[in-house]
Amino acid sequence: MYVGFSSSTGQLVQSHYVLGWSFRLDGKAPELDLSQLPSFSGKEQPERKERKLVVGLSAAGVVLLIIVAIPISIILRRRKKAQFTEILEDWEVQYGSHRFSYKDLFEATKGFSERELLGKGGFGKVYRGVLPGSNVQVGVKRISHNSKQGMKEFVAEIGTIGQLRHPNLVRVLGYCRGKEELILVYDYMPNGSLDKFLYKKTELILNWNQRFKIIKDVALALTYLHEEWAEVIIHRDVKASNVLLDGELNAKLGDFGLARCIKHEQDVQTTHVAGTLGYIAPELARSGKPTPSTDVHAFGAFCLEVACGRRPVEPKTSEKEMILVDWVYSFWMEGKILSAADPKLNEECKAEEVELVLKLGLLCSHSVAEGRPKMSQVLMYLKGQALLPENLNAHVKAQEGRGESENHAILCYSTPSLTITNSLMYTGR
1 MYVGFSSSTG QLVQSHYVLG WSFRLDGKAP ELDLSQLPSF SGKEQPERKE RKLVVGLSAA
61 GVVLLIIVAI PISIILRRRK KAQFTEILED WEVQYGSHRF SYKDLFEATK GFSERELLGK
121 GGFGKVYRGV LPGSNVQVGV KRISHNSKQG MKEFVAEIGT IGQLRHPNLV RVLGYCRGKE
181 ELILVYDYMP NGSLDKFLYK KTELILNWNQ RFKIIKDVAL ALTYLHEEWA EVIIHRDVKA
241 SNVLLDGELN AKLGDFGLAR CIKHEQDVQT THVAGTLGYI APELARSGKP TPSTDVHAFG
301 AFCLEVACGR RPVEPKTSEK EMILVDWVYS FWMEGKILSA ADPKLNEECK AEEVELVLKL
361 GLLCSHSVAE GRPKMSQVLM YLKGQALLPE NLNAHVKAQE GRGESENHAI LCYSTPSLTI
421 TNSLMYTGR
């Protein structure tokens with residue numbers, strides 16, 4: 001005879017515990033006294049242990065996550081705070097009230113969206129923005145900050161143009177500066193830069209009256225910078241892409257990232273050549289020292305650019321046509337200087353004004369600094385308050401104080417050792 005216990009659970013696993021049992025071979029088994037049996041809750045113990053283990057592991061995971069998350073959050077906050085930490089320096093004190101928050105400018109430009117991009121310059125990108133709460137449109141220039149040069153140009157621009165007030169200069173409304181962000185805020189110029197109308201297909205083709213007005217506007221701006229402000233400001237990058245047009249096509253000179261401010265009668269000490277090929281004066285390429293006369297040279301190239309509808313340097317054309325100033329000069333020598341004018345100009349343009357601008361462009365582009373007029377004299381020519389010399393060669397020789405052969409091309413473009421690249425030609429710096 002066998003006595004025991006058996007059970008079947010199929011594929012399931014169960015545990016059974018026998019706390020007591022009664023058996024008698026020759027009669028009725030005695031009843032068990034349940035009170036004498038040991039207490040045991042083993043049936044539920046494994047499940048409870050599993051629950052406790054799961055709860056314990058979960059709690060430990062949460063605690064570990066919190067321990068890891070807190071320092072990460074602190075680090076990220078510090079980095080974000082450091083990125084936009086505002087550090088006031090001496091030059092910033094007087095402009096403190098014109099300081100914008102990064103949050104407002106980020107919102108104004110829709111997160112610096114590419115859809116709001118107006119253009120790219122030598123030191124960064126310019127976006128269209130609408131200031132929150134005011135619906136005022138502004139231009140937001142986000143300056144490249146991957147080098148020390150970016151900060152230098154930022155300080156130069158806000159420190160220079162921030163103090164200037166002239167109707168033909170782009171007005172700086174304020175700035176934003178963090179450890180890793182350099183941003184300038186300008187008046188919004190709805191028509192963008194002048195070069196767009198000269199070289200791209202646009203619905204509006206500038207007529208001569210509009211172009212002549214733009215040239216005079218830029219001349220007014222440079223005269224103010226060179227001769228009418230407390231100190232002499234040399235722009236160093238006068239060109240069509242740095243001339244912005246408002247809603248009524250009034251021209252305003254902008255991008256003062258390369259500007260240098262010196263006292264009257266003082267010589268600038270920098271030897272860093274900056275600018276855009278085709279606008280750089282020959283002596284600047286040799287010495288690296290900018291002067292008001294080097295701005296005049298760039299203005300001469302600008303005059304020819306606007307009147308001819310051509311860039312100062314076109315490397316993809318023939319050698320004869322590559323350098324704009326030489327090309328215009330060849331027409332002047334042949335007695336048909338008006339042939340150099342932009343063919344998009346209609347017959348209604350004033351021939352005497354076109355001729356004046358072309359000749360003035362040649363005079364301002366003279367290869368010798370002494371042969372160029374001052375901007376105040378240029379303005380008098382443009383306003384008709386003074387007559388341009390009939391014989392430019394004789395005038396230049398008198399200014400130079402030395403006789404030159406009649407075969408000498410007064411506008412010989414002799415900028416040495418400059419490699420022509422798209423970046424240098426169109427962007428500059």
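Read in order, the letters of the sequence shown correspond to residues 1 to 429 in the UniProt record's numbering.
Every residue, glycine too, gets a C-beta built ideally from N, C-alpha and C.
Every value quoted in this text rests on a predicted model; they were computed, and no experiment measured them.
| Asked | Found |
| --- | --- |
| As assigned by DSSP and simplified to three states, the class of Gly27 | coil |
| 4 or more residues per run - each alpha helix (DSSP H) lying fully within the region 279-340 | 282-287, 292-308, 319-322, 324-333 |
| Residues of its chain near Leu356, where Cβ-Cβ distance is below 8 Å and the 5 sequence neighbours each way are ignored | Tyr381, Leu382, Leu388 |
| Three-way DSSP call (helix, strand, coil) for Cys349 in this model | coil |
| Other residues of its chain near Leu220: CB distance less than 6 Å, five sequence neighbours each side excluded | Asn168 |
| Within 8 Å, strictly: CB atoms of Arg99 and Glu116 | no |
| The region 190-203 contacting the region 366-377, beta-carbon criterion three pairs below 8 Å | no |
| N- and C-terminal bounds of the beta strand (DSSP E) containing residue 430 | The structure shown does not extend to residue 430, since the chain is modelled only from 1 through 429, so no value can be given for it. |
| Cutoff 7 Å; reference Ser147; Cβ partners in own chain excluding five residues on either side | Any reading at Ser147 needs caution, since the residue's pLDDT is 49, under 50, leaving its predicted position unreliable; the model's value is listed next. Excluding residues within five positions, none has a Cβ falling inside 7 Å. |
| Selection from Ala341, Gly288, Lys289 that minimises the alpha carbon distance to Arg310 | Ala341 |
| Boundaries (first-last residue) of the beta strand (DSSP E) holding Arg128 | 124-131 |
| DSSP bridge partner residues for Gly111 (one or two, in chain order) | Paired residue(s): none; Gly111 is not in a bridge. |
| Beta strand (DSSP E) segment containing Tyr175, residue limits | 172-177 |
| Residues that DSSP places opposite Cys364 in a beta bridge | Bridge partners of Cys364: none, in fact. |
| Beta-carbon proximity of Val170 to Gly254, cut-off 8 Å | yes |
| Presumed contact (8 Å Cβ cut-off) between Gly279 and Ala301, rounded CB distance | Sequence check: residue 279 is Tyr here, not Gly. Rounded, the Cβ-Cβ distance is 5 Å, consistent with contact. |
| Other residues of its chain near Val325: CB distance less than 8 Å, five sequence neighbours each side excluded | Gly300, Ala301, Leu304, Pro312, Gly361, Leu362, Ser365, Leu411, Tyr413 |
| Identity of the residue in Tyr224, Phe256, Glu231, Lys350 nearest Val238 by Cα | Phe256 |
| Within 8 Å, strictly: CB atoms of Val138 and Val172 | no |
| Terminal residues of the alpha helix (DSSP H) in which Val378 lies | 375-383 |
| Nearest neighbour of Phe23, chosen from Pro38, Leu194, Gly4, Leu34 [CA to CA] | Gly4 |
| CA nearest to the CA of Ile143, picked from Asn391, Glu314, Ile66, Cys176 | Cys176 |
| First through last residue of the beta strand (DSSP E) which encompasses Ile233 | 232-234 |
| As assigned by DSSP and simplified to three states, the class of Val238 | coil |
| Unbroken alpha helix (DSSP H) run spanning Val218, endpoints | 208-223 |
| Among Pro343, Leu277, Tyr188, nearest to Ile323 - alpha-carbon criterion | Leu277 |
| CB-CB length for Ile233 against Leu225, believed under 8 Å | 4 Å |
| Collapsed DSSP secondary structure at Val62 in the structure displayed | helix |
| His297 classed as buried or exposed, judged by whether at least 16 other C-beta atoms fall within 10 angstroms | buried |
| C-beta neighbour in chain B for Ala108, strict 8 Å | Absent from the structure: chain B. Only one protein chain is present. |
| Rounded Cβ spacing between Gly124 and Lys141 (contact assumed at less than 8 Å) | 6 Å |
| Bridge partners - Leu253, DSSP secondary structure assignment | Leu169, Val243 |
| Cβ-Cβ distance between Ala369 and Thr291 below 8 Å | yes |
| Coarse secondary structure for Ser15, derived from DSSP in three states | coil |
| Spatial distance of Leu244 from Lys320 (CA atoms) | 31 Å |
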